[in-house]
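Under UniProt numbering, think of the first position of the sequence shown as 1, with each following residue one higher.
Heads up, the beta-carbon is just placed ideally off N, CA and C, and yes, glycines get one too.
Being a predicted model, the structure only gives us computed values, none of them experimental.
Each remark here refers to the structure printed beneath this line.
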Amino acid sequence: MFDYTSDLPISEWEIGARVKINFANRLCTGIVVKLSEVKSDTDITKLKAIEEKLDDKKLIPDELMQTLLWVSRYYHHPLGECFQTALPKLLRTGKPAELDKETWWFRTDITVDKKMGSKQQQCLDLLEDYADGISQSMFKQYLGNVSSSLKALETAGLISQQQKAKLPIPSNELNVDLILNQQQQQIVENVWQKKEEFQPFLLEGITGSGKTEVYIELTERVLKTNKQVLILIPEIGLTGQFVERFKKRLNTTIVILNSAVSDKERKQAWLLAKQGLANVIIGTRSAVFTPLINPGLIIIDEEHDSSYKQQDGLRYHARNVALIRAQKYNIPIVMGSATPSLESLYQVKKQRFQLLELTQRAGNAQLPPVRLVDNSQANPEHGFSDVLLKAIKKHLDAGNQIILFINRRGYAPVLMCHDCGWQAKCKHCDARMVVHQHRNILFCHHCGFIQRLVEECPECESKSLKSYGAGTEKIEQHLQKLFPETPIIRVDRDTTQRVNAFSDLIADIKQGEARILVGTQMLAKGHDFHDVTLVGVLDTDQGLYSADFRATENLAQMITQVTGRAGRGDKSGEVLIQTEQPAHIFWKNLIKNGYKKTAESLLEERIEMELPPVSNWAVIRAESSDREQATAFLQEFSAQCHQHASEEVLILGPVPAIMEKKGGRFRAQLLLSSAHRKPLHQLLDRHISVISRHKLARKVRWSIDIDPVDLL
Numbered sequence: 001m002f003d004y005t006s007d008l009p010i011s012e013w014e015i016g017a018r019v020k021i022n023f024a025n026r027l028c029t030g031i032v033v034k035l036s037e038v039k040s041d042t043d044i045t046k047l048k049a050i051e052e053k054l055d056d057k058k059l060i061p062d063e064l065m066q067t068l069l070w071v072s073r074y075y076h077h078p079l080g081e082c083f084q085t086a087l088p089k090l091l092r093t094g095k096p097a098e099l100d101k102e103t104w105w106f107r108t109d110i111t112v113d114k115k116m117g118s119k120q121q122q123c124l125d126l127l128e129d130y131a132d133g134i135s136q137s138m139f140k141q142y143l144g145n146v147s148s149s150l151k152a153l154e155t156a157g158l159i160s161q162q163q164k165a166k167l168p169i170p171s172n173e174l175n176v177d178l179i180l181n182q183q184q185q186q187i188v189e190n191v192w193q194k195k196e197e198f199q200p201f202l203l204e205g206i207t208g209s210g211k212t213e214v215y216i217e218l219t220e221r222v223l224k225t226n227k228q229v230l231i232l233i234p235e236i237g238l239t240g241q242f243v244e245r246f247k248k249r250l251n252t253t254i255v256i257l258n259s260a261v262s263d264k265e266r267k268q269a270w271l272l273a274k275q276g277l278a279n280v281i282i283g284t285r286s287a288v289f290t291p292l293i294n295p296g297l298i299i300i301d302e303e304h305d306s307s308y309k310q311q312d313g314l315r316y317h318a319r320n321v322a323l324i325r326a327q328k329y330n331i332p333i334v335m336g337s338a339t340p341s342l343e344s345l346y347q348v349k350k351q352r353f354q355l356l357e358l359t360q361r362a363g364n365a366q367l368p369p370v371r372l373v374d375n376s377q378a379n380p381e382h383g384f385s386d387v388l389l390k391a392i393k394k395h396l397d398a399g400n401q402i403i404l405f406i407n408r409r410g411y412a413p414v415l416m417c418h419d420c421g422w423q424a425k426c427k428h429c430d431a432r433m434v435v436h437q438h439r440n441i442l443f444c445h446h447c448g449f450i451q452r453l454v455e456e457c458p459e460c461e462s463k464s465l466k467s468y469g470a471g472t473e474k475i476e477q478h479l480q481k482l483f484p485e486t487p488i489i490r491v492d493r494d495t496t497q498r499v500n501a502f503s504d505l506i507a508d509i510k511q512g513e514a515r516i517l518v519g520t521q522m523l524a525k526g527h528d529f530h531d532v533t534l535v536g537v538l539d540t541d542q543g544l545y546s547a548d549f550r551a552t553e554n555l556a557q558m559i560t561q562v563t564g565r566a567g568r569g570d571k572s573g574e575v576l577i578q579t580e581q582p583a584h585i586f587w588k589n590l591i592k593n594g595y596k597k598t599a600e601s602l603l604e605e606r607i608e609m610e611l612p613p614v615s616n617w618a619v620i621r622a623e624s625s626d627r628e629q630a631t632a633f634l635q636e637f638s639a640q641c642h643q644h645a646s647e648e649v650l651i652l653g654p655v656p657a658i659m660e661k662k663g664g665r666f667r668a669q670l671l672l673s674s675a676h677r678k679p680l681h682q683l684l685d686r687h688i689s690v691i692s693r694h695k696l697a698r699k700v701r702w703s704i705d706i707d708p709v710d711l712l
């Protein structure tokens, strides 16, 4: 925080307002976080004056300001960068905090005394249904270009116009309310009993059990009390169908906040929410910082998803921030998932979260049976077993859709010389280059390095190069050969890069234009495809032997989510999992007992081994182009901490990261662990300012990650 002076009296300033300041000889946008009168004995000659006052009123409300101060303290991150994360780009760069306006049309009291033209009559008929008026853009969407008709009606005095805030266009086809089953209804009532107080709820509902219907019913109730609902979803790809379901059930203003919307739309949505003109806010991780004037409920869908954790810069977890905000607002928060995180299940065990359960699928749908297939039976050429191929043919013949899941994009993960054993490795990372045959490239998925696909070995010049393993691209190619008449769609990061590509693919799938869907975990999350009756899972064994202690939990969640895509409608489904380890205890437990029992067992292991969520972790990471510097910096950090470390904090390392070299830089990490949060944070608070002034701190990139979800 930095001090500046102003000629304006202190009464004209509010904490949370923006200013334009000269910082290091460049104009920047600042946020007022503290006000104080200048005392007579204070020397202010060296202080700069504020260049311009940008807001007459506070832009950041008190509650959001307090939340951001907490975020800065808890994650040990500069407050300025917390503001950067919370504000839309146009607001943090100093653009006016004003809503975009547009023309709205209203019906007057004057009666029609003559026959109208067809377009004019359509305009009047539409206005009859909207007592609060219709925007120009709504007219255009519903009736096409009717500008001349509107002008004629205005001249006749039948309608009037007014400039109002531009709102998102609502759906013009509302569906009849769905009748909730007994379990869903009971859950809604349980949450509603706590509508005036802070209460975290964990909604554990098996895949296809109708969690979204519970969200919609709760949202509808909150809207009737004239309050707002903030809903977080993990992926941009889920936004389209999720928002559509809300729009078709709720006649209200719904705004979307994610990185796919334009800067202008993001600013408009943020300000609409702040002014109470948006009633439902749906967005990904950063939407958790949306200001709310009259909050009533926060919902987090797929609360287990690691996408809620920011992995660079301000490394916050949206679930934790949402809990803090719900507590400050004194409102309930509902966190839903078919595969709850062990962190949330631990909070249930500690009776801090209330568990709500949906144990039956909506309608008559049944959970699909799951079978393991020994991968040793798979054809080495294309990787499919006869069992899986026969199942694919059977379901295709029945006119159904099929999902084949492999969590690896590209053509093949290994390119190798058959003569000398050379492998294509990234020169910037400790990782292999992945073959992308369609683009004729080798691609590092870790640092983004790309090179042309080589035709001969750079070591021995042999042309005996072979690719090993399979990714989505290779699976798609072989399927096209095996089923030449069958439409196939591949869904991964490579096929969804252009704007709206993902939503277009999902639309094609729902319309039945694809019979086989090949994809990564983008297909595993939250999608509702009623014609999918077979899910085939390929090559997931790497999750059984990962160095990350969370790998087994993540694998159980991923498998449960993807298998839940089958048999969601009236048609029954089945799941086949190809594995090299069909006798592994993990598969036996997951298939026999399901995710709930598997998670309980994993949580008991964590408790016994004193791993998160039982213990609290902070990881200090450092990276440098010099292998020794990153480790040397962390050794200094460790030595500093050891000077005052209590017995309650365990300091481990520094050690090289599991993938030591990434993007041309060498990485190392230091782990701090404690059974209690307080001594861990006190230790960091005591030493961060000292270590940040160390000469090595200017030579390496370093960061602090509180509650890390990834140690790789």
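Range covered by the beta strand (DSSP E) that runs through residue i
| i | result |
| --- | --- |
| Q228 | Q228 to L232 |
| I591 | Taken as a continuous stretch (DSSP letters only), I591 belongs to no beta strand (DSSP E), being part of the alpha helix (DSSP H) at I585 to M609. |
| D705 | R701 to I706 |
Simplified DSSP assignment, three categories, for residue i
| i | result |
| --- | --- |
| C460 | coil |
| W105 | strand |
| I509 | helix |
| residue 715 | The chain is shown from 1 up to 712; residue 715 falls before or after that span and cannot be answered. |
| A260 | coil |
| I392 | helix |
| P582 | coil |
| G208 | coil |
| P200 | strand |
| I293 | coil |
| Y215 | helix |
| F502 | helix |
| Q163 | strand |
| G543 | helix |
| E14 | coil |
| M1 | coil |
| N279 | coil |
| L683 | helix |
| K678 | helix |
| A49 | strand |
Range of the contiguous alpha helix (DSSP H) that encloses residue i
| i | result |
| --- | --- |
| H644 | R627 to H644 |
| Y74 | D62 to Y74 |
| F246 | T239 to R249 |
| E128 | S118 to E128 |
| C82 | L79 to A86 |
| W192 | Q182 to W192 |
| N25 | Unbroken run through N25: none, as it is neither H nor E. |
| I475 | T472 to L482 |
| V562 | A551 to T563 |
Inter-residue Cα distance where the pair is residue i and residue j
| i | j | result |
| --- | --- | --- |
| V655 | A668 | 6 Å |
| R665 | S692 | 20 Å |
| Y316 | V71 | 7 Å |
| L143 | W105 | 14 Å |
| D263 | V19 | 20 Å |
| D177 | E513 | 29 Å |
| T45 | T290 | 38 Å |
| K164 | S135 | 8 Å |
| I169 | K101 | 14 Å |
| L230 | S385 | 46 Å |
Closer than 7 Å: residue i CB and nearest the ligand FMN heavy atom
| i | result |
| --- | --- |
| L372 | Among the ligands in the structure shown, none appear at all, so the ligand FMN cannot be discussed. |
Rounded Cβ spacing between residue i and residue j (contact assumed at less than 8 Å)
| i | j | result |
| --- | --- | --- |
| F201 | M335 | 7 Å |
| A524 | V562 | 4 Å |
| T552 | G543 | 7 Å |
| K309 | P88 | With a Cβ gap of about 21 Å, K309 and P88 do not count as contacting. |
| D257 | A287 | The question names Asp, yet the displayed sequence has Leu at residue 257. With 8 Å as the limit, L257 and A287 qualify as a contact, their Cβ atoms being about 4 Å apart. |
| R515 | I402 | 7 Å |
| L388 | G573 | Not confirmed; about 14 Å, so no contact. |
Proximity test, Cβ basis, 8 Å: residue i and chain C
| i | result |
| --- | --- |
| D55 | In summary, chain C is missing from the structure at hand, where a single protein chain is found. |
Could you pull out every unbroken beta strand (DSSP E) segment of at least 3 residues lying fully inside the stretch 302-375, listed in chain order?
332-337, 354-358 and 370-374
Any chance you could list the beta strand (DSSP E) runs of at least 3 consecutive residues sitting entirely within the stretch 410-451, in chain order?
414-417, 434-436 and 441-443
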